[in-house]
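Student: Protein chains in written order, with our numbering: chain S, 1 to 261; chain D, 1001 to 1408. Please see the structure below; I have some questions.
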Amino acid sequence: MEVVLHTDNLTMDFGGLRAAANVSLEVKEKEIVALIGPNGAGKTTVFNCITGVYEATGGNIYINPPGGSKKRINGKKINSITELGVARTFQNIRLFQNMTVLENVMIGRHCRARGGIIGAIIRDKKTRREEESIVEKSYRILEKMGLQAYVNELAKNLPYGAQRRLEIARALATEPFIILLDEPAAGMNPQETKTLDDLIVKIRDEEQISILLIEHDMKLVMSLSDRIFVMDHGEMIANGTPQEVRANQKVIKAYLGDETD
Amino acid sequence: MNIARQIKDSLLVAIWFIILTFPIMVIRVNTIENEIEWRWHNMVLVAVVSFVLSFAWRYLFTIKTTGGKESAAAVPLLPWTQRIMENPRLLIPLLAALGVGVIIFPFVLSVYQVNIMVTALMFVVLGLGLNIVVGLAGLLDLGYVAFYAVGAYAYALLNHHYDIGFWAALPIGAFLAFIAGILLGFPVLRLRGDYLAIVTLGFGEIIRLILENWNEFSFGPSGISNIDRPGFFGINLSFSEATIYIYFIMIALCLFTIFVVNRLEKSRIGRAWIALREDEIACQAMGIDKTKTKLAAFALGATWAGMIGVIFAAKTTFINPASFTFMESAIILCIVVMGGMGSIMGVILGALILILLPEYLRAFSDYRMIAFGVSMVLMMVFRPQGILPGVRAKYQFKAAPKNAGGTE
């Protein structure tokens, strides 16, 4: 399997603070990879560097979309990175609160459509057809995520679990080859977490995409991931299969502390 | 029990006001006769007025908090307009009646009335233009009047120096305002909220100060006079005929604006504006180019102001910088906020109320600003979403996958 996302010694400094130091990770095609670590380990910083919210101060980030060519994406704008096929969700839900559920997903289709101002005003055949296909495809995604009952509901009126799923639906609408989920199960009850577990596997299988996720729910991480990367204090301290990581002394130390501490 | 408590609280307020205003409202020293007048009727007046006001205020608040979304003030207006909009049997006769009314209006009423209506219609278009920037894209622009000035001076100067007519100047004014919108847009791309408001406010003032002080270019505070009225196939129109002519131009422009803004709002770019307003980071993470989207909002909003500027110059035949003060920007902003941000019907209603009411209530013009301020405060407290808030388009989906088209 090909590597589709690769960070090579990624470093992020905020003034004197090194939030991420020489982080190297790889995600292969159709793989579910988890990035774990204690609070403040720098996981979200890595996400923000990959998706262009921050510009990494050192190292390289490469993407290699299936059927495409390898590209370095350092310093690219957030929206260009999304356009290249890297989608994400946010740790604290960032939906478009006053838009309907369907419109939220339609926004995700934005970068795959071309309709301009003139087209919007004269509403020619091409624009109309594009608009219809946006609505159609968005609705299919909502169906897949089990959100069709909420189509015309405002996003802010959705139950918490549904809001989380809508964020994933919106990210899927951008037609990514990899999707970065930042704590998708945060605040969910065990039942909702179980549903999410199935949903993530289903997305990987049906959409044939890779998934990189940050998560604190170890049960979810262990059952879901093909491989796990562990970060602590901005550094990558371990990686491997769930079994390997579970047995790793450094990981145990990072989570439970050291006797000498 | 709640009512009893409100009455009790209001009574306390009334007593407090009686004590507070006692020295000035009740006691009066007559210095000529050297005696004290006790004006007890004033005390009663203060008591009654403060009691009623306090009670009304409390009552409205109870409705607002207990009723929530079902509050008496919030619900009736919305379904009422929605019902008309969605029912062709009501909508068509209503539109027909409105159309007839609009056409015969200038022929049955005086030139004065027509002039006021032209002003109101101008503010409808200005409101709709600013609505793109503030209501849809969520960029608080306090210098909108600058684009209005650009349009007006574009026509005035072109007409003065090169004798260019109204119809040629209309697109030129719009285009220049469009360019000005982009020029303002670039430096403020990174700004949001309060910072953006301050910079746009400054931009508006800069344009006005340039017009006031650059005598060689803009003829300074004395302005430009004898600007041509719109030409009508070379026929010389009398003053009243010209007013009626401009009235119909404004009606046409209003319809055009509503048509365009409505379509923009429901398009890919309109959705991008709303997403930008809702959450900038998430919007970019969905692949929307922030730069392009913001510039488009500024430029398209400014275009309408430019067009109306040209019409303003042609209507008054005289312009000077005093017409483009911050007050104008504030009124246009009030129209958008009061009518309902992002709502076309709301903005139209807001413009008609805010421009027509002060004209017809000229007798009370001393209290205009007080009434204005009070009504804005009351709006913000009891109905912050505006008179007619925007409604999101609903889509219907049928079971068969191929028929899943949108309804708007």
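Beta carbons are placed, not taken as given, at the ideal position from N, Cα and C, and that holds for glycine.
1) Would residue 184 of chain S be called buried (16 or more neighbouring beta carbons within 10 Å of its own) or exposed?
2) Can you tell me the Cα-Cα spacing of residue 979 of chain D and residue 1025 of chain D, whole angstroms?
3) Since residue 1308 of chain D meets chain S, which of its residues come closer than 7 angstroms, beta carbon to beta carbon?
4) Could you spell out where the alpha helix (DSSP H) holding residue 1180 of chain D opens and where it closes?
5) What would DSSP say about residue 248 of chain S, mapped onto helix, strand or coil?
6) For a cutoff of 8 angstroms on Cβ pairs, would you count residue 102 of chain S as touching chain D?
7) On a Cα-Cα basis, can you pick out the residue from D:1086, D:1125, D:1004 that is closest to residue 1355 of chain D?
8) Please name the residues in the stretch 5-26 of chain S whose beta-carbon is closer than 9 angstroms to at least one beta-carbon of chain D, in chain order.
9) Looking at the structure shown, is residue 1038 of chain D part of a helix, part of a strand, or coil, going by DSSP?
10) Between which two residues does the alpha helix (DSSP H) harbouring residue 186 of chain S extend?
11) Tell me, please, which residues DSSP counts as bridged to residue 100 of chain S.
12) Short check: CB of residue 1247 of chain D to CB of residue 1327 of chain D, under 8 angstroms?
13) Does DSSP put residue 1367 of chain D in a helix, in a strand, or in coil?
14) Checking 8 angstroms against the spacing of the C-beta atoms, do residue 90 of chain S and residue 182 of chain S come in under that value?
15) Are the C-beta of residue 49 of chain S and some C-beta of chain D separated by less than 8 angstroms?
16) Per DSSP, residue 62 of chain S is paired with what?
17) What are the partner residues of residue 235 of chain S, as DSSP defines its beta bridges?
18) Quick check: the stretch 1281-1289 of chain D against the stretch 99-109 of chain S, are at least 3 beta-carbon pairs closer than 8 angstroms?
19) Rounded to the nearest angstrom, what separates residue 150 of chain S and residue 192 of chain S at their Cα positions?
20) Buried or exposed for residue 1073 of chain D, going by 16 or more other Cβ atoms inside 10 Å?
21) Check residue 1135 of chain D in the structure and name its three-state DSSP category.
22) Which of the residues in the stretch 1280-1306 of chain D, read from start to end, lie with their CB under 8 angstroms from any CB of chain S?
23) Is it true that the CB of residue 228 of chain S sits closer than 8 angstroms to the CB of residue 239 of chain S?
24) Closer than 7 angstroms between beta carbons: that is the criterion. Which residues of the stretch 1242-1266 of chain D meet it against chain S?
25) Indicate whether at least one CB of chain D lies closer than 8 angstroms to the CB of residue 68 of chain S.
26) What residues in the stretch 103-125 of chain S bring their beta carbon closer than 7 angstroms to a beta carbon of chain D?
27) Short check: CB of residue 1301 of chain D to CB of residue 1188 of chain D, under 8 angstroms?
28) Figure out for me which residue from S:225, S:99, S:126, S:68 has the closest Cα to the Cα of residue 85 of chain S.
29) Check the C-beta distance from residue 32 of chain S over to residue 204 of chain S and give it rounded, since I have them as a contact under 8 angstroms.
30) For chain S, check one thing: does any of its Cβ atoms lie closer than 8 angstroms to the Cβ of residue 1397 of chain D?
31) Check residue 1238 of chain D in the structure and name its three-state DSSP category.
32) Measure the alpha-carbon distance for residue 1143 of chain D versus residue 1350 of chain D and round it to whole angstroms.
33) If contact means a Cβ-Cβ distance below 9 angstroms, which residues of the stretch 65-91 of chain S contact chain D?
34) Could you run through the stretch 1227-1243 of chain D and flag, in chain order, every residue whose CB is less than 7 angstroms away from some CB of chain A?
35) List the endpoints of the continuous alpha helix (DSSP H) containing residue 1000 of chain D.
36) Given this structure, state the Cα-to-Cα distance separating residue 1364 of chain D from residue 1311 of chain D, to the nearest angstrom.
Tutor: Reading it off the structure:
1) Numbered from 1 along the first sequence, position 184 holds the residue referred to as residue 184 of chain S. Residue 184 of chain S should be labelled buried.
2) There is no way to answer for residue 979 of chain D, as the model of chain D reaches only from 1001 to 1408.
3) The count along the second sequence starts at 1 and reaches residue 1308 of chain D at position 308. Near residue 1308 of chain D there are no residues of chain S at all, since even the closest Cβ is about 19 angstroms away, more than 7 angstroms.
4) The residue given as residue 1180 of chain D occupies position 180 in the second sequence. Membership of residue 1180 of chain D in the alpha helix (DSSP H) is indicated by the continuous run 1166-1185.
5) By one-based count along the first sequence, residue 248 of chain S stands at place 248. If DSSP states are grouped into helix, strand and coil, residue 248 of chain S belongs with coil.
6) Within the first sequence, the letter at position 102 stands for residue 102 of chain S. It does; some Cβ of chain D falls within 8 angstroms.
7) The residue given as residue 1355 of chain D occupies position 355 in the second sequence. For the residues D:1086, D:1125, D:1004, the minimum Cα distance to residue 1355 of chain D belongs to D:1125.
8) Near chain D, meaning a CB-to-CB distance below 9 angstroms, no residue of the stretch 5-26 of chain S qualifies.
9) Stepping through the second sequence from its first residue, residue 1038 of chain D is reached at position 38. Per DSSP, reduced to three states, the secondary structure at residue 1038 of chain D is strand.
10) Here residue 186 of chain S corresponds to residue number 186 of the first sequence, with the count starting at 1. The continuous stretches of alpha helix (DSSP H) do not include residue 186 of chain S, and DSSP gives it neither H nor E.
11) Taking the first sequence and counting its residues from 1, one reaches residue 100 of chain S at position 100. BP columns for residue 100 of chain S point to S:154.
12) Along the second sequence, read from residue 1 onward, the residue named residue 1247 of chain D stands at position 247. Along the second sequence, read from residue 1 onward, the residue named residue 1327 of chain D stands at position 327. Not in contact: residue 1247 of chain D and residue 1327 of chain D (Cβ atoms no closer than 8 angstroms).
13) One-based indexing of the second sequence puts residue 1367 of chain D at position 367. Residue 1367 of chain D: helix per DSSP, three-state reduction.
14) Walking along the first sequence from the start, residue 90 of chain S turns up at place 90. Walking along the first sequence from the start, residue 182 of chain S turns up at place 182. Result yes, Cβ atoms of residue 90 of chain S and residue 182 of chain S sit closer than 8 angstroms.
15) What you label residue 49 of chain S is simply residue 49 of the first sequence in a count that begins at 1. Taking Cβ atoms only, chain D never reaches closer than 8 angstroms to residue 49 of chain S, which makes this a no.
16) The residue given as residue 62 of chain S occupies position 62 in the first sequence. DSSP lists S:6, S:72 as partners of residue 62 of chain S.
17) As a working note, residue 235 of chain S is residue 235 in the first sequence. DSSP, once it has assigned bridges, lists S:21, S:232 as partnering residue 235 of chain S.
18) Short answer: they touch.
19) Indexing the first sequence from 1 puts residue 150 of chain S at position 150. Indexing the first sequence from 1 puts residue 192 of chain S at position 192. In a straight line, the C-alpha of residue 150 of chain S is about 17 angstroms away from that of residue 192 of chain S.
20) The residue you call residue 1073 of chain D lines up with position 73 of the second sequence. Reliability of the predicted coordinates at residue 1073 of chain D is poor, the pLDDT of 44 falling under 50, and no value is obtained from them.
21) Sequence index remark: in the second sequence, residue 1135 of chain D carries index 135 (1-based). DSSP, read as helix, strand or coil, puts residue 1135 of chain D in helix.
22) Cβ contacts with chain S come from 1281, 1282, 1283, 1284, 1285, 1286, 1287, 1288, 1289, 1290, 1296, 1300.
23) Sequence index remark: in the first sequence, residue 239 of chain S carries index 239 (1-based). Sequence index remark: in the first sequence, residue 228 of chain S carries index 228 (1-based). If you check the CB distance, residue 239 of chain S and residue 228 of chain S come in under 8 angstroms.
24) Across the stretch 1242-1266 of chain D, CB contacts with chain S closer than 7 angstroms involve 1260, 1263, 1264, in sequence order along the chain.
25) Here the question's residue 68 of chain S lines up with position 68 in the first sequence. Judged by the 8 angstroms Cβ criterion, residue 68 of chain S is not in contact with chain D.
26) Residues are counted here when their Cβ sits less than 7 angstroms from a Cβ of chain D; for the stretch 103-125 of chain S these are 103, 106, 107, 108, 110, 111, 113, 115, 117, 120, 121, 123, given in chain order.
27) Numbered from 1 along the second sequence, position 301 holds the residue referred to as residue 1301 of chain D. Numbered from 1 along the second sequence, position 188 holds the residue referred to as residue 1188 of chain D. With respect to residue 1188 of chain D, residue 1301 of chain D sits apart: the two C-beta atoms are not nearer than 8 angstroms.
28) Walking along the first sequence from the start, residue 85 of chain S turns up at place 85. Nearest to residue 85 of chain S by C-alpha distance, out of S:225, S:99, S:126, S:68, is S:68.
29) Position 32 of the first sequence, counted from the first residue, corresponds to residue 32 of chain S. Position 204 of the first sequence, counted from the first residue, corresponds to residue 204 of chain S. That belief holds up - the Cβ atoms of residue 32 of chain S and residue 204 of chain S are roughly 6 angstroms apart, short of 8 angstroms.
30) Locating residue 1397 of chain D in the second sequence gives position 397, where the first residue counts as 1. For residue 1397 of chain D, the answer is yes, since a Cβ of chain S falls inside 8 angstroms of its Cβ.
31) Here residue 1238 of chain D corresponds to residue number 238 of the second sequence, with the count starting at 1. Secondary structure of residue 1238 of chain D (DSSP, three-state): coil.
32) By one-based count along the second sequence, residue 1143 of chain D stands at place 143. By one-based count along the second sequence, residue 1350 of chain D stands at place 350. Looking at the two C-alpha atoms, the distance is approximately 19 angstroms.
33) Residues of the stretch 65-91 of chain S with a C-beta less than 9 angstroms from any C-beta of chain D: 77, 78, 79, 80, 81, 82, 83, 87, 88, 89, 90, listed in chain order.
34) Among the chains of the structure shown, chain A does not appear; the protein chains present are S and D.
35) Given that chain D is displayed from residue 1001 to residue 1408, the structure contains no residue 1000 of chain D and the question cannot be resolved.
36) Position 364 of the second sequence, counting from 1, holds the residue named residue 1364 of chain D. Position 311 of the second sequence, counting from 1, holds the residue named residue 1311 of chain D. Spanning the two alpha carbons is a distance of roughly 29 angstroms.
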